[in-house]
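What follows is one structure encoded as structure tokens, with my remarks underneath.
There are 2 protein chains.
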Amino acid sequence: MHEKKLSSKLIGVDANDEHARQAVELELVDEVTSLDDAIEQSDVIVLAIPVDKLVELLPTIMDKIENQIVLDLGSTKSNAINAIKNHPKRGRYVATHPMWGTEYSGPTAAMRGAYENKAVIICNANESDADALAWVKYMYKKIGMHLLEMEAKAHDLHAAYISHISHITSFALANTVLEKEKEQQTIFELASAGFESTVRLAKSNPAMWVPIFMQNKENVLDVLKEHISQLTRFKESIEKEDNEYLLRLIEEANKIRRILN
Amino acid sequence: MHEKKLSSKLIGVDANDEHARQAVELELVDEVTSLDDAIEQSDVIVLAIPVDKLVELLPTIMDKIENQIVLDLGSTKSNAINAIKNHPKRGRYVATHPMWGTEYSGPTAAMRGAYENKAVIICNANESDADALAWVKYMYKKIGMHLLEMEAKAHDLHAAYISHISHITSFALANTVLEKEKEQQTIFELASAGFESTVRLAKSNPAMWVPIFMQNKENVLDVLKEHISQLTRFKESIEKEDNEYLLRLIEEANKIRRILN
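Taken in sequence, the protein lines are chains G and A.
Heads up: the first sequence at position 115 corresponds to 114 in the working numbering, and the numbers run straight through without jumps.
Heads up: the second sequence at position 51 corresponds to 50 in the working numbering, and the numbers run straight through without jumps.
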């Protein structure tokens with residue numbers, strides 16, 4: 000933020016003392032203080048916390064602010080927006096979801112330039128004050144993101160398809176292999192790049208992901224059921240040794256090439 | 000192979016004329032000729048073809064060789080080995096599986112140094128002649144691979160866990176998203192690195208993968224059923240809003256950290 004001249008001072012607040020210390024050490028923030036102090040000193044408040052904590056904390060923060068801008072980076076958007084729907088300060092809040100993350104979390108997972116050339120979704124933009132919205136858009140553009148606007152409901156649906164299901168698949172795949180493959184040394188020796196890439200997300204933090212799946216329950220279940228049914232088709236085609244059907248299933252899957260480079 | 004002084008001349012044989020042309024153009028081979036000519040001129044014959052074609056072709060090749068070494072790079076090993084189990088030239092064949100691949104195939108998918116620091120599995124080594132086995136090991140070491148020996152049956156089991164299931168998951172995930180997410184532009188805009196990494200393998204060639212799944216049917220079905228049952232646990236924990244259970248499932252999955260870096 001300093002680099003892009005978007006901030007004069009960055010204040011960190013963290014429930015975890017070790018993370019607070021790391022954030023200062025890694026120069027992610029200039030100093031660490033209490034939530035109340037930080038709110039008082041700030042013009043802009045960025046909430047990067049698990050979505051269950053966000054829903055708990057957001058109304059309190061909105062109660063405490065004067066005219067500050069509040070934004071969050073959470074992976075689900077409907078619940079946060081609903082939590083302060085009728086709050087008198089609603090306009091000061093901008094709901095955003097930058098589409099970047101890794102399987103790691105905490106200050107040491109920070110990566111310089113990570114958001115560059117990535118998409119950020121702003122939800123229910125019309126419920127935010129014009130000045131707050133304008134500043135948040137300016138900030139995201141300045142760090143190189145391209146902006147998309149979407150209703151929270153649509154966001155949560157797309158997020159289930161494009162992000163949440165990938166995590167469930169990866170977690171389940173890790174459990175499958177750990178369950179079936181007792182020879183861990185063998186996994187280690189044989190694991191190829193393909194395996195690593197499909198299972199990488201299984202390292203992700205449960206404190207972050209449990210609330211995401213629960214908050215986005217309907218959409219996640221919908222896409223998860225479809226995924227189980229797609230896997231069942233593969234199972235049946237192999238059971239029946241139906242080469243033609245299996246070929247068609249894979250050719251269908253190949254169409255993802257049109258979308259991913 | 001030339002770089003490592005393992006060959007004086009590389010002759011390519013390809014059923015696909017366009018691929019044959021590309022192989023010469025990309026300097027992967029020095030020249031292209033017919034299978035019979037190539038066998039006659041060669042000391043070492045490397046078969047890099049889909050595993051159904053391998054099982055068809057291998058007995059014919061063994062009939063045609065004098066004292067040449069034959070090796071293959073296929074992803075399943077039992078069927079190939081069984082196809083020439085009692086062949087008088089069995090000893091000239093070495094069954095290998097280098098643990099590297101991408102979602103791409105054909106000559107343009109070749110990558111310099113791809114096999115470096117990767118594992119290669121040699122199956123049923125005791126059924127190969129000592130000189131043939133020694134040369135193949137020498138060759139793989141020379142290009143930087145580390146060798147593992149395994150019975151074909153064990154190989155096919157581990158390969159199902161560590162490679163084949165990842166591909167099925169990826170194919171099924173692509174189909175899930177393509178089925179549920181009709182707004183392809185949205186996928187394109189939103190797809191994050193996590194999605195790309197879990198779905199990348201879905202671009203893989205059906206002509207290669209249909210025969211792998213069919214040849215390794217028992218193992219693949221076994222691990223696929225386990226995977227569906229693991230996914231069902233995630234589904235049930237979300238349906239019942241059982242945060243504790245979902246947390247435990249994810250913490251289990253996190254143990255993959257012990258194995259992958």
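We treat Cβ as the ideally placed atom computed from N, Cα and C, and that holds for glycine.
Interface residues of chain A facing residue i [CB-CB closer than 9 Å]
| i | result |
| --- | --- |
| residue 205 of chain G | 245, 246, 247, 248, 249, 250, 252 and 253 |
Under the three-state DSSP convention, the category residue i falls into
| i | result |
| --- | --- |
| residue 87 of chain A | coil |
| residue 226 of chain A | helix |
| residue 70 of chain A | strand |
| residue 106 of chain G | helix |
| residue 289 of chain G | With chain G running from 0 to 260 in the structure shown, residue 289 of chain G is simply not present. |
| residue 92 of chain A | strand |
| residue 5 of chain G | coil |
| residue 97 of chain A | strand |
| residue 236 of chain A | helix |
| residue 144 of chain G | coil |
| residue 138 of chain G | helix |
| residue 179 of chain G | helix |
| residue 193 of chain G | helix |
| residue 218 of chain G | helix |
| residue 258 of chain G | coil |
| residue 117 of chain A | coil |
| residue 15 of chain G | coil |
| residue 64 of chain A | coil |
| residue 204 of chain G | coil |
| residue 127 of chain G | coil |
| residue 25 of chain A | coil |
| residue 247 of chain A | helix |
| residue 111 of chain A | coil |
| residue 213 of chain A | helix |
| residue 155 of chain A | helix |
Supposed close pair residue i, residue j - CB separation, criterion 8 Å
| i | j | result |
| --- | --- | --- |
| residue 189 of chain G | residue 157 of chain A | 6 Å |
| residue 93 of chain G | residue 41 of chain G | Not a contact, Cβ separation roughly 15 Å. |
| residue 201 of chain A | residue 220 of chain A | The Cβ separation is near 20 Å, so there is no contact. |
| residue 135 of chain G | residue 95 of chain G | 7 Å |
| residue 69 of chain A | residue 91 of chain A | 6 Å |
| residue 38 of chain G | residue 63 of chain G | 5 Å |
| residue 206 of chain G | residue 87 of chain G | Wrong, their Cβ atoms sit about 31 Å apart, outside the cutoff. |
| residue 186 of chain G | residue 161 of chain A | 6 Å |
| residue 168 of chain G | residue 231 of chain A | Residue 168 of chain G to residue 231 of chain A, Cβ: 13 Å. No contact. |
| residue 255 of chain G | residue 245 of chain G | That belief does not hold up - the Cβ atoms of residue 255 of chain G and residue 245 of chain G are roughly 17 Å apart, past 8 Å. |
| residue 114 of chain A | residue 83 of chain A | With a Cβ gap of about 25 Å, residue 114 of chain A and residue 83 of chain A do not count as contacting. |
| residue 248 of chain G | residue 253 of chain A | Incorrect: roughly 31 Å between the Cβ atoms, too far for contact. |
| residue 215 of chain G | residue 159 of chain G | 6 Å |
| residue 9 of chain G | residue 29 of chain G | 5 Å |
| residue 47 of chain G | residue 72 of chain G | 5 Å |
Exposure label - residue i; buried when at least 16 CB within 10 Å
| i | result |
| --- | --- |
| residue 76 of chain A | buried |
| residue 25 of chain G | exposed |
| residue 179 of chain G | buried |
| residue 13 of chain G | buried |
| residue 144 of chain A | buried |
| residue 59 of chain A | exposed |
| residue 103 of chain A | exposed |
| residue 266 of chain A | In this structure chain A extends from 0 to 260, so residue 266 of chain A is not present and cannot be described. |
| residue 33 of chain A | exposed |
| residue 129 of chain A | exposed |
| residue 184 of chain A | exposed |
| residue 154 of chain A | buried |
| residue 193 of chain A | buried |
For residue i, the residue or residues it bridges with in DSSP
| i | result |
| --- | --- |
| residue 75 of chain G | Per DSSP, none; premise fails for residue 75 of chain G. |
| residue 149 of chain A | A/122 |
| residue 10 of chain G | G/30 |
| residue 45 of chain A | A/70 |
Proximal residues of chain A, C-beta to C-beta of residue i below 8 Å
| i | result |
| --- | --- |
| residue 256 of chain G | 202 |
| residue 150 of chain G | The contacting residues do not exist; residue 150 of chain G stays about 13 Å from chain A at best. |
| residue 164 of chain G | 172, 175 and 176 |
| residue 237 of chain G | 212, 213, 216, 219, 220 and 223 |
| residue 54 of chain G | Residues of chain A passing the Cβ test: none, with the nearest at roughly 14 Å. |
Residue i: contacting residues in chain G (beta-carbon distance under 8 Å)
| i | result |
| --- | --- |
| residue 80 of chain A | By Cβ distance, chain G contributes nothing, its closest Cβ being about 18 Å from residue 80 of chain A, past 8 Å. |
| residue 234 of chain A | 220, 223, 224 and 227 |
| residue 231 of chain A | 227 |
Closer than 7 Å at the beta carbon, the chain A residues around residue i
| i | result |
| --- | --- |
| residue 160 of chain G | 176, 179 and 180 |
| residue 169 of chain G | 197 |
| residue 188 of chain G | 118 and 147 |
| residue 173 of chain G | 252 and 255 |
| residue 75 of chain G | Going along chain A, no residue has its Cβ under 7 Å from residue 75 of chain G, so there is no contact; the nearest lies around 13 Å. |
| residue 242 of chain G | 209 and 213 |
Chain G contact residues for residue i, given Cβ-Cβ distances below 9 Å
| i | result |
| --- | --- |
| residue 100 of chain A | 191, 192 and 193 |
Interface residues of chain G facing residue i [CB-CB closer than 7 Å]
| i | result |
| --- | --- |
| residue 199 of chain A | 196 |
| residue 134 of chain A | Ordered by position in chain G, no residue passes the 7 Å Cβ test against residue 134 of chain A, which lies about 23 Å from the chain. |
| residue 185 of chain A | 157 |
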